[in-house]
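Each residue of the sequence shown is one higher than the one before, counting from 202 in our numbering. For every residue, glycine included, the Cβ atom is placed at its ideal position computed from N, Cα and C.
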Amino acid sequence: MKMKKAINIIMGGAFILTLVPACTDLKVNEVDSIVEENAGGGFVAGNPTDLLSSAYNDLGSYTDQANIYALLEQPSDEMIPPTRGVDWGDNGVWRLLHTQSWDATHSQVLGVWNQLNSFAYKCNEILASNPSPQQAAEAKVLRALNMYYVMDFYGQVPFREVTEGVDVDPKVLSRSEAFDFIVKDLTDALAALPNDGPMVGGRSTATQAAANALLSRLYLNKAVFTAADAAGPYNFDAGDMTKVVQYADAVAASGYDLEDEYFKIFSNSSEKEVILNSVAGTPQNRWFMTLHYDQNPSGWNGFTTLADFYNKFDKSDPRIGNYPAPDGSQFSGIGRGFLIGQQYKDDGSALVDSRTQKPLQFTTDVPLAGAATDKGIRAIKYHPSNAGKYIMIRYGEVYMNKLEAIVRGGSSSQSALDVVNNLRAKRGAPALASIDVSGVLDERGRELYWEGFRRDDQIRFGTFTGTWESKTTTDPSRVLFPIPQQALDSNPNLTQNPGY
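Here it is in structure tokens:
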């Protein structure tokens, strides 16, 4: 069998990715691409139903605490991965993300590249396998979602047709070309997608609302994705912002609305907000990655938030969180939202750290290295007692997109202040007297924390290259990740991003 060395754009071959989902020794197999002997040498159409089901199952990778989620959250100002003794050391991969000190050999930078490109290619296979119009439309939405993150993270998107052989180097779309390609996929898909509204627990297949939601996200970030320099400046066009509003309104017209109780969104009884969830996997990593090992369920004692981010919340804002009744009548003694201070057992009694024999009290301070077991504020949105499926797209994001677009000059029948105060009223937070661009960034943080938006938000608002606790790097090249070295070695059409 003739094989091209280290092919990192997975084209019709078997995809192998080995993860160890624990607090230590997380590893990504860096040689994770195998090309079958007949790949590209005469494409054989598959069963579109089976392929589409597999493509939806791929969304389970977004539930991992590493890779895609890590690249979205760890470099931002709302999450920190402290090393506690030998726990979460992992040869420094987590610290490199928080300090924005990664390079082209970082295992998770490579792992995400392989994952996303393989997921997108599978959608190409669906489209070449005689799908029904609706199946083709759903495949285009999934391809758009996966290509979106390749464009977002790396600024270049390799693309190979299924009829091309493995010895043909994939062409590479520039960031602006990829933007146009993704927009076309979504707009072409709209007519054949069902216009289904919300349902209890959320939907696990693509609808018109999912496509419109992604289009609102795309146009909100168009200034970033089409900028001459990835680090800016970014020029937000009023016409693009009006499109954000229009696509957001189209999602609302499908029946989606803000949930009446914030943490209900992430439960199995959510009714109004969940536009697309992951049918595969569970959100359990979102509590395992942060809970202490003496809590129930026992966690990996990992990620925390930063005090400066926590302090952006008014203490009367219910989104900051709540604790269960101290009488043991509610599950595990674990609260929702930010967990700070004394933690409790199932019966309501105070927890003691089994290693230190001291009361388990989560602190606001947290060093990046050498952290004690109780350092750092934890965050729980998906609660172990009633978690729903992992959310890929929800209306709260779409609504925040609309708010930002209005503030940036988009046309709407509503004022920005009315929009933000309607949200805050739904959430039970006090009304604001005014709202400006910086206020929108803070409100997005309060609404969307730990859901995978903060990196993009900080880039768009120009704060990503600032400094915060344990992060002093101000290099503007960090707005893009490097093209993995293995990918560069295998495809001469790729070029390394500036600064690497």
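On the DSSP bridge list, what partners appear for residue i?
{"i": "residue 536", "result": "Bridge partners of residue 536: none, in fact."}
{"i": "residue 285", "result": "288"}
{"i": "residue 562", "result": "543"}
{"i": "residue 357", "result": "375"}
{"i": "residue 517", "result": "The partner list for residue 517 (beta bridge, DSSP) is empty, contrary to what the question assumes."}
{"i": "residue 672", "result": "669"}
{"i": "residue 468", "result": "588"}
{"i": "residue 522", "result": "538"}
{"i": "residue 553", "result": "560"}
{"i": "residue 505", "result": "281"}
{"i": "residue 576", "result": "564"}
Does the separation of the CB atoms of residue i and residue j fall below 8 Å?
{"i": "residue 646", "j": "residue 513", "result": "yes"}
{"i": "residue 535", "j": "residue 584", "result": "yes"}
{"i": "residue 318", "j": "residue 359", "result": "yes"}
{"i": "residue 343", "j": "residue 606", "result": "no"}
{"i": "residue 272", "j": "residue 313", "result": "yes"}
{"i": "residue 445", "j": "residue 603", "result": "yes"}
{"i": "residue 664", "j": "residue 676", "result": "no"}
{"i": "residue 350", "j": "residue 593", "result": "no"}
{"i": "residue 278", "j": "residue 654", "result": "no"}
{"i": "residue 266", "j": "residue 486", "result": "yes"}
{"i": "residue 587", "j": "residue 547", "result": "no"}
{"i": "residue 674", "j": "residue 377", "result": "no"}
{"i": "residue 611", "j": "residue 454", "result": "no"}
{"i": "residue 577", "j": "residue 564", "result": "yes"}
{"i": "residue 699", "j": "residue 678", "result": "yes"}
{"i": "residue 384", "j": "residue 346", "result": "no"}
{"i": "residue 274", "j": "residue 537", "result": "no"}
{"i": "residue 341", "j": "residue 410", "result": "no"}
{"i": "residue 681", "j": "residue 658", "result": "no"}
{"i": "residue 650", "j": "residue 570", "result": "no"}
{"i": "residue 394", "j": "residue 414", "result": "no"}
{"i": "residue 294", "j": "residue 403", "result": "no"}
{"i": "residue 495", "j": "residue 387", "result": "no"}
{"i": "residue 261", "j": "residue 432", "result": "no"}
{"i": "residue 639", "j": "residue 618", "result": "no"}
{"i": "residue 255", "j": "residue 323", "result": "yes"}
For the alpha helix (DSSP H) holding residue i, just list the boundary residues, first then last.
{"i": "residue 541", "result": "Note, residue 541: premise wrong, no alpha helix (DSSP H); not H, not E."}
{"i": "residue 442", "result": "439 to 454"}
{"i": "residue 580", "result": "First-last for residue 580: 579 to 581, but that is the beta strand (DSSP E), not the alpha helix (DSSP H)."}
{"i": "residue 327", "result": "308 to 328"}
{"i": "residue 682", "result": "That residue, residue 682, is in no alpha helix (DSSP H); it is neither H nor E in DSSP."}
{"i": "residue 511", "result": "508 to 511"}
{"i": "residue 627", "result": "617 to 628"}
{"i": "residue 299", "result": "294 to 299"}
{"i": "residue 275", "result": "Note, residue 275: premise wrong, no alpha helix (DSSP H); not H, not E."}
{"i": "residue 413", "result": "409 to 421"}
{"i": "residue 257", "result": "249 to 258"}
{"i": "residue 486", "result": "486 to 489"}
{"i": "residue 644", "result": "638 to 649"}
{"i": "residue 659", "result": "655 to 662"}
{"i": "residue 688", "result": "686 to 691"}
Measure the beta-carbon distance from residue i to residue j and round it to whole angstroms, keeping in mind my assumption that it falls under 8 Å.
{"i": "residue 399", "j": "residue 473", "result": "5 Å"}
{"i": "residue 417", "j": "residue 448", "result": "4 Å"}
{"i": "residue 539", "j": "residue 506", "result": "7 Å"}
{"i": "residue 572", "j": "residue 284", "result": "7 Å"}
{"i": "residue 443", "j": "residue 380", "result": "Not a contact, Cβ separation roughly 17 Å."}
{"i": "residue 452", "j": "residue 599", "result": "5 Å"}
{"i": "residue 282", "j": "residue 503", "result": "6 Å"}
{"i": "residue 406", "j": "residue 257", "result": "7 Å"}
{"i": "residue 434", "j": "residue 332", "result": "About 42 Å separates the two Cβ atoms, so there is no contact after all."}
{"i": "residue 363", "j": "residue 244", "result": "4 Å"}
{"i": "residue 591", "j": "residue 459", "result": "Going by Cβ atoms, the distance from residue 591 to residue 459 rounds to 20 Å, so no, they are not a contact pair."}
{"i": "residue 357", "j": "residue 695", "result": "6 Å"}
{"i": "residue 493", "j": "residue 544", "result": "7 Å"}
{"i": "residue 437", "j": "residue 424", "result": "5 Å"}
{"i": "residue 471", "j": "residue 589", "result": "6 Å"}
The beta strand (DSSP E) spanning residue i covers which residue range?
{"i": "residue 392", "result": "First-last for residue 392: undefined, no H or E at that position."}
{"i": "residue 499", "result": "Element bounds for residue 499: n/a, residue is neither H nor E."}
{"i": "residue 593", "result": "592 to 595"}
{"i": "residue 478", "result": "475 to 478"}
Inter-stretch contact at 8 Å, needing at least 3 Cβ pairs: the stretch 623 to 630 / the stretch 538 to 557: no
Three-pair Cβ contact test at 8 Å for the stretch 681 to 688 versus the stretch 303 to 310: yes
Stretch pair the stretch 322 to 332 + the stretch 288 to 298: three plus CB contacts closer than 8 Å: no
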